[in-house]
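Numbering (numbering that gives the first Met the number 0), first residue to last: 0 to 453. Structure record follows, encoded as structure tokens.
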Amino acid sequence: MTIKNVRDHGQRYRPRMACLKKVENVVLEMQDPKTGVKSQTQRLVITTIPHAITGEILRNKARAMGTMMVAFGYIYPLQDHKRLMLKPDTSLYRFQTPYFWPAQQWPVEDTDYAIYLAKRNIRKKGMLELYEQEQYNNLYKWMNHKWDFIVMQAKEQYRAGKERKKPDRVVFDCQERAYWVVHRPPVRRVTKKTPDYYRRIIMFTQQCIMRPRVKSSVSIGALVKYTTTYKEHDPFLHACLPSNPWLTDDVTYWTLNMPNVEIPTKMRVERWTFSFGELLMDPRGRADFRLFLKKEFSGENLAFWEACEDLKWGAAETMKEKAQQIYKTFLARGAPRWINIDGKTMDITVKGLAHPHRYVLDAAQTHIYMLMKKDSFGRYLKSPVFKETQKKAIAPEPQRFTETQLEQNAKRRRPSLSPIILRQQEEEQKAKLAASGPVDITQVMSKLERKQKN
Numbered sequence: 000m001t002i003k004n005v006r007d008h009g010q011r012y013r014p015r016m017a018c019l020k021k022v023e024n025v026v027l028e029m030q031d032p033k034t035g036v037k038s039q040t041q042r043l044v045i046t047t048i049p050h051a052i053t054g055e056i057l058r059n060k061a062r063a064m065g066t067m068m069v070a071f072g073y074i075y076p077l078q079d080h081k082r083l084m085l086k087p088d089t090s091l092y093r094f095q096t097p098y099f100w101p102a103q104q105w106p107v108e109d110t111d112y113a114i115y116l117a118k119r120n121i122r123k124k125g126m127l128e129l130y131e132q133e134q135y136n137n138l139y140k141w142m143n144h145k146w147d148f149i150v151m152q153a154k155e156q157y158r159a160g161k162e163r164k165k166p167d168r169v170v171f172d173c174q175e176r177a178y179w180v181v182h183r184p185p186v187r188r189v190t191k192k193t194p195d196y197y198r199r200i201i202m203f204t205q206q207c208i209m210r211p212r213v214k215s216s217v218s219i220g221a222l223v224k225y226t227t228t229y230k231e232h233d234p235f236l237h238a239c240l241p242s243n244p245w246l247t248d249d250v251t252y253w254t255l256n257m258p259n260v261e262i263p264t265k266m267r268v269e270r271w272t273f274s275f276g277e278l279l280m281d282p283r284g285r286a287d288f289r290l291f292l293k294k295e296f297s298g299e300n301l302a303f304w305e306a307c308e309d310l311k312w313g314a315a316e317t318m319k320e321k322a323q324q325i326y327k328t329f330l331a332r333g334a335p336r337w338i339n340i341d342g343k344t345m346d347i348t349v350k351g352l353a354h355p356h357r358y359v360l361d362a363a364q365t366h367i368y369m370l371m372k373k374d375s376f377g378r379y380l381k382s383p384v385f386k387e388t389q390k391k392a393i394a395p396e397p398q399r400f401t402e403t404q405l406e407q408n409a410k411r412r413r414p415s416l417s418p419i420i421l422r423q424q425e426e427e428q429k430a431k432l433a434a435s436g437p438v439d440i441t442q443v444m445s446k447l448e449r450k451q452k453n
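Pasting the structure below:
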């Protein structure tokens with residue numbers, strides 16, 4: 000089997016090719032003279048076009064399918080060539096010749112497109128569309144060495160086209176134009192290669208050479224290790240305890256795993272030991288870690304990391320004030336909660352604070368994060384704080400539901416309202432209570448005094 004046959008064999012079984020084959024079967028059914036779409040001779044201005052159809056014959060559900068066929072080039076318009084869609088009016092369309100179907104996979108070459116544009120330029124006397132004029136100019140620069148041959152071929156095709164009958168000539172022009180609207184090659188940008196261009200190529204190549212590579216065996220081993228570690232903690236791969244709320248409608252699982260629950264589950268505490276990132280992502284784990292740091296008199300590290308996260312994901316209006324407040328609290332000389340970072344990181348941070356942005360404290364935050372990860376995290380896992388939490392953690396027993404109970408739960412199930420609607424209802428309820436309830440004069444006067452002081 001030759002290389003071309005192997006390539007053709009592979010392309011034939013691609014998912015896109017299988018979809019195109021199905022579309023072609025539908026197109027063939029639509030062209031059936033007995034059961035297909037009825038076509039008839041239509042008049043386009045003063046020209047009679049045979050076998051034309053209109054967008055009115057397709058219903059609403061079939062109109063989307065028809066638009067897809069126009070976009071793929073199975074149906075082409077006879078009037079509006081710019082918009083590849085099926086209009087639900089008296090606009091005229093025709094079925095494309097199977098020679099131009101996408102499944103034929105004819106290679107789209109710049110030379111053929113240049114001949115087509117040169118022929119249109121002759122017919123329109125230089126009045127091309129804007130995108131056609133741009134591509135015509137680019138192809139002229141790109142293929143200047145054989146432009147005489149392209150113009151000669153375009154003149155020959157134009158001369159042969161004038162010998163056809165007018166209806167055939169109009170149909171062929173629309174047919175060819177629709178094909179190139181769908182399959183035209185991308186615009187080639189002719190750029191002048193300056194010394195700066197080659198300098199950037201050399202720099203990019205050097206960076207690629209210096210980039211570390213990982214063997215596939217190492218990456219696959221890491222993936223297997225990650226899957227083995229987290230398999231029992233995935234509710235879709237492993238049974239939830241006490242039960243799966245998506246199947247049983249029992250919300251005990253969600254109640255036990257609330258963000259700031261007082262006593263966590265054993266599975267949740269076990270997840271904290273996987274990595275330092277897992278510990279910080281869990282609000283309950285972070286609270287436990289904060290208690291440990293407080294006993295070690297290093298709680299300012301976690302407080303600084305949380306302040307940086309608030310700056311990174313907070314509102315843009317208060318970004319500048321938050322950055323200055325973090326600097327005064329944690330980084331300035333004599334700060335009340337001063338943190339220890341190296342001089343290089345401090346210089347980068349101080350220079351960035353001249354024009355603060357969301358990520359201005361990233362260098363200092365990364366330094367503190369690595370300090371807590373390498374030093375505090377290991378001692379936390381061996382500390383009495385973690386062992387006490389681990390000892391108190393609960394392991395819920397699995398709940399067994401019969402099929403009858405599951406069917407009853409499914410019958411009682413009702414679609415819940417959107418959280419946005421619930422929030423709006425709560426605000427409206429609060430407003431009604433505030434309007435109907437008695438007014439506390441002391442609270443109103445205190446609010447006015449605060450506004451006057453500010």
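Each residue gets a CB set at the ideal place from its N, CA and C atoms; glycine is no exception. Source: prediction; values computed, not measured.
Exercise. Assign Thr-317 to buried or exposed, taking buried as 16 or more other Cβ atoms, counted over all protein chains shown, within 10 Å of its Cβ.
Key: Residue burial annotation: Thr-317 is exposed, with fewer than 16 other C-beta atoms found within 10 angstroms of its C-beta.
Practice problem: Pick helix, strand or coil for Tyr-135, following the three-state DSSP scheme. | Solution: Secondary structure at Tyr-135: helix, using DSSP grouped into helix, strand and coil.
Practice problem: Measure the Cβ-Cβ separation of Gln-389 and Val-268 and say whether it is below 8 Å. | Solution: Yes.
Quiz item: Do Asn-120 and Leu-127 come within 8 Å of each other at the CB atom, strictly closer than that value?
Solution: yes
Quiz item: Mind checking Tyr-358: buried by the 16 CB within 10 Å criterion, or exposed?
Solution: exposed
Quiz item: For Trp-100 versus Glu-162, is the C-beta spacing smaller than 8 Å?
Solution: no
Quiz item: Distance, Cα to Cα, Gln-156 vs Val-170?
Solution: 15 Å
Quiz item: By Cβ distance below 8 Å, which residues in the same chain neighbour Ala-409 in space, the five residues on each side in sequence not counted?
Solution: Asp-248
Quiz item: Is it buried or exposed for Leu-83, if we count other Cβ within 10 angstroms and need 16 for buried?
Solution: The C-beta of Leu-83 has 16 or more other C-beta atoms within 10 Å across all chains shown, which makes the residue buried.
Quiz item: Buried or exposed: which applies to Gly-125, given that a residue is buried once 16 or more other Cβ atoms fall within 10 Å of its Cβ?
Solution: exposed
Self-check item: Secondary structure of Gln-95, DSSP reduced to three states
Solution: coil
Quiz item: Are the Cβ atoms of Ile-262 and Glu-299 separated by less than 8 Å?
Solution: No. Outside cutoff.
Quiz item: What are the start and end residues of each continuous alpha helix (DSSP H) run of 4 or more residues lying completely inside the region 152-230, in chain order?
Solution: 165-182, 194-209, 215-229
Self-check item: Cys-18 versus Tyr-178: straight-line alpha-carbon distance, rounded
Solution: 19 Å
Exercise. Express the C-alpha separation of Gly-220 and Glu-387 in angstroms, rounding to a whole number.
Key: Computed Cα separation, rounded: 34 Å.
Quiz item: Helix, strand or coil: which one does DSSP assign to Gln-398?
Solution: Secondary structure of Gln-398 (DSSP, three-state): coil.
Quiz item: If you run the structure through DSSP and keep just helix, strand and coil, what is Leu-240?
Solution: Leu-240 falls in the coil class under three-state DSSP.
Practice problem: Go to Thr-47, then tell me how far its beta strand (DSSP E) extends in each direction, as first and last residue. | Solution: 46-53
Quiz item: Beta carbon of Ile-200, beta carbon of Ile-149: below 8 Å?
Solution: no
Quiz item: Would you report the Cα separation of Trp-141 and Gly-313, rounded to the nearest angstrom?
Solution: 51 Å
Practice problem: Would you tell me roughly how many angstroms separate the C-alpha atoms of Glu-397 and Thr-251, rounded to the nearest one? | Solution: Here the sequence assigns Pro to residue 397, which means Glu is not the residue at that position. Distance between the alpha carbons of Pro-397 and Thr-251: 11 Å.
Quiz item: Gln-134: which of Lys-192, Lys-164, Pro-185 sits nearest, CA to CA?
Solution: Pro-185
Quiz prompt | Simplified DSSP state of Ile-338, which is helix, strand or coil | solution = coil
Quiz item: What are the boundary residues of the beta strand (DSSP E) that Thr-40 is part of?
Solution: 39-43
Practice problem: For Thr-264, write down the residues that DSSP places opposite it in a beta bridge. | Solution: Ile-393
Self-check item: Val-25, buried or exposed, once every other Cβ within 10 Å from all chains shown has been counted against 16
Solution: exposed
Exercise. Grab me the residues of Ala-434's own chain with a C-beta within less than 8 Å of its C-beta, minus the 5 sequence neighbours each way, in chain order.
Key: none
Quiz item: Thinking just about the alpha-carbon of each residue, which of Pro-49, Thr-227, Thr-254, Phe-376 is nearest to the one in Glu-277?
Solution: Phe-376
Quiz prompt | Residue(s) in a DSSP beta bridge with Tyr-75 | solution = Arg-93
Quiz item: Going by beta carbon distance, what residues of the same chain come within less than 7 Å of Ala-302, once the five residues before and after it are set aside?
Solution: Arg-336
Quiz item: Mind checking whether Val-180 and His-80 have CB atoms under 8 Å apart?
Solution: yes
Quiz item: DSSP three-state call for Asn-300: helix, strand or coil?
Solution: helix
Quiz item: Can you tell me whether Cys-307 is buried or exposed, with buried defined as 16 or more other CB within 10 angstroms of its CB?
Solution: buried
Exercise. May I have the straight-line CA-CA distance separating Met-68 from Gln-103, to the nearest angstrom?
Key: One C-alpha to the other measures close to 15 Å.
Self-check item: Limits of the alpha helix (DSSP H) - the one that Asp-361 falls within
Solution: DSSP places Asp-361 in the uninterrupted alpha helix (DSSP H) bounded by 361-370.
Exercise. Alpha carbon to alpha carbon, how far is Lys-224 from Met-215? Give it in angstroms, no decimals.
Key: It should be noted that the sequence gives Ser, not Met, for residue 215. The alpha-carbon atoms of Ser-215 and Lys-224 are separated by roughly 14 Å.
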